[in-house]
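In my numbering, the protein residues as written are -8 to 186. Every residue gets a Cβ at the ideal spot worked out from N, C-alpha and C, and that includes glycine.
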């Protein structure tokens, strides 16, 4: 994997684990921001309103530097941390894993809980389709309308993703391109001004 690539998942994976009548239901999701994460967690809390715990962990961003683990009332570090550990050991990002626990009447102890949450999370992730994606840089370029053809020629050659285009008195185009190719795109566009 290149420095400007990251691994994420593209579908919802599901896993289950049972231990001493406690049931653990795990779900992995592709997520891109905190609002999305909040919505998904609250939908699981509604759907499984009768469950004892809804624990989760997530990792966001190509650098995998935004993350959180939540034990939702389980003993400290017995739920969120093992879930987060599974996400990290798969080197995934932009991922949320939620594990819903139905208590079976028998305490599992901290060791048992760690094993259960880890196993349920691992199963959900194993059911997820992993995809390697490129880290994108956004290049914005303003130019007079007469340069339109030249700009479009560069776009055609380097194939960035067109995020937005605005053609008023000054034209502006916003392009998304693989991070490692962003400098090349910038310099090619800037050169046009001198042609």
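Residue 37: member of the alpha helix (DSSP H) spanning 25 to 38, first to last residue. For residue 106, the enclosing alpha helix (DSSP H) stretches over residues 100 to 117. Less than 8 Å divides the Cβ of residue 5 from the Cβ of residue 118.
Residue 161 is bridged by DSSP to 135. Note on the region 40 to 66: whole beta strand (DSSP E) runs with a minimum of 3 residues are 44 to 51, 57 to 61, in chain order. In the DSSP annotation of this structure, residue 172 is not part of any beta strand (DSSP E), being labelled neither H nor E.
Judged by DSSP secondary structure, residue 16 falls within the beta strand (DSSP E) whose first and last residues are 13 to 21.
Within its own chain, the residues whose Cβ lies closer than 8 Å to the Cβ of residue 12, once the five positions on either side in sequence are excluded, are 95, 96, 97, listed in chain order. Within the same chain, and ignoring the five residues on either side of residue 89 in sequence, the residues whose Cβ sits closer than 6 Å to its Cβ are 18, 35, 47. Judged by DSSP in its simplified three-state form, residue 120 adopts coil rather than helix or strand.
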